[in-house]
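Asker: Residue numbers (the UniProt record's numbering), protein chains in the order written: chain A, 1 to 340; chain B, 1 to 340.
Number of protein chains: 2
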Amino acid sequence: MSQRRITIYDLARAMGISASYVSRALNEHPSINPEVVAAVKKKAKELNFKLNSHAANLRQGSSKTLGVIVPHINQSFFSEIIAGIEEICFEHNHSLIICQTHESFQRECLAVDTLVRQNVDCIILSVAAETTTTEHLESIAQHNIPLIQIDRYLDQLNSCKVLNDNKKAAYDVMQSLFGQGYERIAFLGGPTHLTTFKQRRDGFLQAWEDSAFSNRTPLLFDDVFDLSVVTKVIDQLLQNENRPDAIFTVSDHQSVAVLQKAESLGIRVPQDLGIFGFANETFTAIMNPSLSSVDQKSKELGIRAARVYFDDIRKNNGIPKINEVILETELMTRQSSIRR
Amino acid sequence: MSQRRITIYDLARAMGISASYVSRALNEHPSINPEVVAAVKKKAKELNFKLNSHAANLRQGSSKTLGVIVPHINQSFFSEIIAGIEEICFEHNHSLIICQTHESFQRECLAVDTLVRQNVDCIILSVAAETTTTEHLESIAQHNIPLIQIDRYLDQLNSCKVLNDNKKAAYDVMQSLFGQGYERIAFLGGPTHLTTFKQRRDGFLQAWEDSAFSNRTPLLFDDVFDLSVVTKVIDQLLQNENRPDAIFTVSDHQSVAVLQKAESLGIRVPQDLGIFGFANETFTAIMNPSLSSVDQKSKELGIRAARVYFDDIRKNNGIPKINEVILETELMTRQSSIRR
DNA sequence: TTGTAAGCGTTATCAT
DNA sequence: ATGATAACGCTTACAA
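1. Which residue spans inside the segment 149-217 of chain A form an unbroken beta strand (DSSP E) run of at least 3?
2. Between Ala83 (chain B) and chain A, is there a C-beta pair that is closer than 9 Å?
3. Under a three-way DSSP split, which group does Gln296 (chain A) fall into?
4. So, for Lys43 (chain B): in the same chain, excluding its five sequence neighbours on each side, which residues have a beta-carbon less than 7 Å away from its beta-carbon?
5. Of all the options B:Phe278, B:Ala306 and B:Glu263, which has the alpha carbon lying nearest to the alpha carbon of Pro289 (chain A)?
6. Roughly how many whole angstroms lie between the Cα atoms of Phe78 (chain A) and Thr329 (chain A)?
7. Glu330 (chain A) lies in the beta strand (DSSP E); which residues open and close that run?
8. For Lys297 (chain A) versus Leu327 (chain A), is the C-beta spacing smaller than 9 Å?
9. For Glu87 (chain B), name the three-state secondary structure that DSSP assigns.
10. Exposed or buried, what is Arg59 (chain A) when buried is set at 16 or more other beta-carbons lying within 10 Å of its beta-carbon?
11. Give me the Cβ distance between Phe204 (chain A) and Phe248 (chain A), rounded to the nearest whole Å; I'm assuming they're in contact under 8 Å.
12. If we call anything under 9 Å between Cβ atoms a contact, is Ser337 (chain A) one with Pro270 (chain A)?
13. Looking at C-beta atoms only, is the number of pairs between the segment 304-312 of chain A and the segment 26-34 of chain B that lie closer than 8 Å three or more?
14. CB Ser293 (chain A) to CB Gln335 (chain A), shorter than 9 Å?
15. Roughly how many whole angstroms lie between the Cα atoms of Thr134 (chain B) and Ser159 (chain B)?
16. Of the residues A:Met287, A:Ile275 and A:Asp272, which one's Cα is nearest the Cα of Val256 (chain B)?
17. Met1 (chain A): buried (16+ other C-beta within 10 angstroms of its C-beta) or exposed?
18. Could I get the ranges of all uninterrupted beta strand (DSSP E) runs contained in the segment 238-313 of chain A, with 3 residues as the minimum, in chain order?
19. Please confirm if Leu11 (chain A) has its CB atom under 9 Å from at least one CB of chain B.
20. Would Glu103 (chain B) pass as a contact of Glu130 (chain B) if the rule is Cβ separation under 9 Å?
21. Do you know how far the Cα of Glu324 (chain B) is from the Cα of Ala141 (chain B)?
22. Chain B beta carbons: is any one of them nearer than 9 Å to that of Glu28 (chain A)?
23. Using a Cβ-Cβ distance under 9 Å, would Gln180 (chain A) count as near chain B?
24. Are the C-beta atoms of His143 (chain B) and some chain A residue less than 9 Å apart?
25. What does Arg117 (chain B) touch in chain A if you count any residue whose Cβ is under 8 Å from its own?
26. By the three-class DSSP mapping on this structure, what secondary structure does Glu324 (chain B) have?
27. Taking the beta strand (DSSP E) that Gln100 (chain B) falls in, what are its first and last residues?
28. When you compare only the Cα positions, how much space is there between Leu163 (chain B) and Ile81 (chain B)?
29. Output the boundary residues of the beta strand (DSSP E) element that contains Ile124 (chain A).
30. Pair every Cβ in the segment 147-161 of chain B with every Cβ in the segment 170-181 of chain B, then say whether three or more of these pairs are closer than 8 Å.
31. Report yes if the CB atom of Val116 (chain A) is closer than 9 Å to the CB atom of Ile145 (chain A), and no otherwise.
32. Cα separation between Ala38 (chain A) and Asp165 (chain B)?
33. What does Leu58 (chain B) touch in chain A if you count any residue whose Cβ is under 8 Å from its own?
34. Would you report the Cα separation of Lys168 (chain B) and Thr192 (chain A), rounded to the nearest angstrom?
35. Does Glu324 (chain A) get closer than 9 Å to chain B when you measure Cβ to Cβ?
36. Do Cys109 (chain B) and Gly67 (chain B) have their beta-carbon atoms positioned less than 9 Å apart in this structure?
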């Protein structure tokens, strides 16, 4: 039952050769006769030998593993990103360790800790909503682990970034809403210490200024991200006499809350209220009415982030040539914002 | 820039003590003066020291890490399971490595390989739909790594299991549908080599036999799980003259497909067609009509699975006392199956 | 209480 | 082409 793990020494003994030779054979070192390679691999399979990664990593100082930290893994936006990263890791024979922060700063620190201890070759991070400081992230660099920020990011942190053009996307959404004849458009934003959300806010404001309604005060609500907060704000907003005729949110879950509140108040969507979200979560397409949303090309975001590591950072000895990758977004205009 | 990683030797030198003493201090060994512990930890923070897990694991033969393998991480059923496992791992100061198979057998083998190489202390697995053989899973035991199957499982494999009472749940769903006056109830099943799906099928058949319609042939479709397959079957089923008046599926994604097809054909749900799914995915509650589904208590499944490892397997030196944990389910009867 | 030294399973260097 | 040996960073007997 409790037999020891099979090591290369066991293999070596079983085959009458040395451990170092076995190691080289398993790694297909060029100096080794292909027949020997085959024989060793066959024996390894026979004895159910599995390489001990810890030993190999310790020796090599590299773990052939990337780490990814996201707020939630059960949002299709992030799980698509992860799928993209996985795809590229797979191509390069690397593993992936996934951590989720649940938007908590403390969990983010913990995740960073875990990944550094695991000696991952690179960390891909989408910042938690709670995070305002960068100390825990700066420490990553001291371990010579490259950091790539993806989607959500902190501007003050010096790292590669893979992003959307959030300002443009938000601007485009506003054009779409104006085009549908909506005039009193409210904006439900996220935490503005994250540049990503600040940019969406900028896009909203820019579009407002460029519009025929620029003399009116824009209906802007910052940091309405948490479900409990967003519910309260929507309550007030929709029960108000001068309620908005459209609501643009920086996430799809905010949009769902808006839709549900509207339904409970008998406000018709999209006739009386237009709704536009962000991230193109899977459920937006199957809801009824279906929810308009910004497709951020999440899987491609993941692919590009991983490629920044493999094709740029790694090839240039840790010093990236590319600093920012900007991906186009696509407006998925659905029932919730089409009334013409 | 490219400084070496800080080790306990660096700490030791900086403090004028030995490395082993540092190690013990960091691990809060009882023999160590609390002041020394504090001082060492302070210095460690100051120098941004992070323990090299690979080295520690290699030495200790344990990684303080669990591994979990699931078909998809972006289904709330599985992500809730993971959240549950995470919670318990966190309590016990363990990390978690998450792998997804995308229902592919090959990917599952790869994930097992990765986790064994990473020397995880335990593997929690929900089998991929494609998997019919157990060889790759039996090899896990040879490495003295305990395996816990969760939700989806292969009966022929000797391992701990954390499950729902699937037969009962399916039986209950049928009672609910009969209670709503549905009579021609079709069953869209999954791959029956996975016992989980076989049990749901059994529950359906049992309920059928116990019903007033037992003389009629049950409308049973096995292995209608893949989206492309399910779409075809639904197409035929709903365009048929004698189409069913209710459809019970073993997953929520099948139910969504049914709902969408029904809508496109102008079949009213729930009046003309009742729909009942399985897993209680997040989106089922926000759809319109909302989808009835079986709540499998997914987070609790995860919690219990992790506890089987920490509270049972680990405490009994790898030999579990508990072999099966069965969790009750709850019927979430929503708009899609209520017509009375 | 503190230090010395061996060893975990690999791989890389240096021989042969 | 093949083998001996040291080293990766840590923990743990054992010694002092």
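Glycine residues also receive a C-beta, built at the ideal position from the N, C-alpha and C atoms.
Answerer: Inspection of the coordinates gives the following:
1. For the segment 149-217 of chain A, whole beta strand (DSSP E) runs of length 3 or above, ordered along the chain, are 160-164 and 185-188.
2. It does: the Cβ of Ala83 (chain B) has a partner Cβ on chain A nearer than 9 Å.
3. The three-state reading of DSSP puts Gln296 (chain A) in coil, since its state is none of H, G, I, E or B.
4. Scanning its chain for C-beta atoms nearer than 7 Å, with the 5 sequence neighbours on each side dropped, one finds around Lys43 (chain B) the residues Leu11, Ala14 and Met15, in chain order.
5. For the set B:Phe278, B:Ala306 and B:Glu263, the Cα lying nearest the Cα of Pro289 (chain A) is the one of B:Glu263.
6. Taking the CA atoms as reference points, Phe78 (chain A) sits about 16 Å from Thr329 (chain A).
7. That run of the beta strand (DSSP E) goes Glu330 to Met332.
8. It is a contact, given that the beta carbons lie within the stated cut-off.
9. In the structure shown, Glu87 (chain B) sits in a helix (DSSP, three-state: H, G or I).
10. An exposed status is given to Arg59 (chain A), since fewer than 16 other beta-carbon atoms sit within 10 Å of its beta-carbon.
11. Right, their Cβ atoms sit about 7 Å apart.
12. Their beta carbons are under 9 Å apart, which means Ser337 (chain A) touches Pro270 (chain A) by this criterion.
13. Touching, no, given that fewer than three Cβ pairs across the two stretches are closer than 8 Å.
14. Cβ distance not < 9 Å, so Ser293 (chain A) and Gln335 (chain A) don't count as in contact.
15. Each residue's alpha carbon lies about 11 Å from the other.
16. Looking only at A:Met287, A:Ile275 and A:Asp272, the smallest Cα-Cα distance to Val256 (chain B) is reached by A:Met287.
17. Because Met1 (chain A) sits at a pLDDT of 38, beneath the cut-off of 50, its placement in the model cannot be relied upon, and the point is left open.
18. Every beta strand (DSSP E) of 3 residues or more that sits fully in the segment 238-313 of chain A is shown, in chain order, as 246-249, 274-278 and 292-295.
19. False, the Cβ-Cβ gap to chain B never drops below 9 Å.
20. It is a contact, given that the beta carbons lie within the stated cut-off.
21. Each residue's Cα considered, the two are about 18 Å apart.
22. Residue-level contact by beta carbon fails for Glu28 (chain A) and chain B, as no gap is shorter than 9 Å.
23. When Cβ-Cβ separations below 9 Å define contact, Gln180 (chain A) makes no contact with chain B.
24. Cβ-Cβ to chain A under 9 Å: yes for His143 (chain B).
25. Correct list: Lys50, Leu51, Asn52 and Ser53.
26. Reduced to three states, the DSSP call for Glu324 (chain B) is strand.
27. In this chain, the beta strand (DSSP E) harbouring Gln100 (chain B) covers Ser95 to Gln100.
28. Whole-angstrom Cα-Cα distance: 12 Å.
29. Secondary structure note for Ile124 (chain A): its beta strand (DSSP E) is the uninterrupted segment Cys122 to Leu125.
30. In the pairwise beta carbon analysis, the segment 147-161 of chain B is classified as not touching the segment 170-181 of chain B: fewer than three pairs are separated by under 8 Å.
31. The answer is yes: Cβ separation under 9 Å.
32. Distance between the alpha carbons of Ala38 (chain A) and Asp165 (chain B): 47 Å.
33. Correct list: Asn52, His54, Ala55 and Leu58.
34. In this structure, the straight-line span from the alpha carbon of Lys168 (chain B) to that of Thr192 (chain A) is close to 49 Å.
35. Glu324 (chain A) is outside the set of residues whose beta carbon lies under 9 Å from a beta carbon in chain B.
36. Result no, Cβ atoms of Gly67 (chain B) and Cys109 (chain B) do not sit closer than 9 Å.
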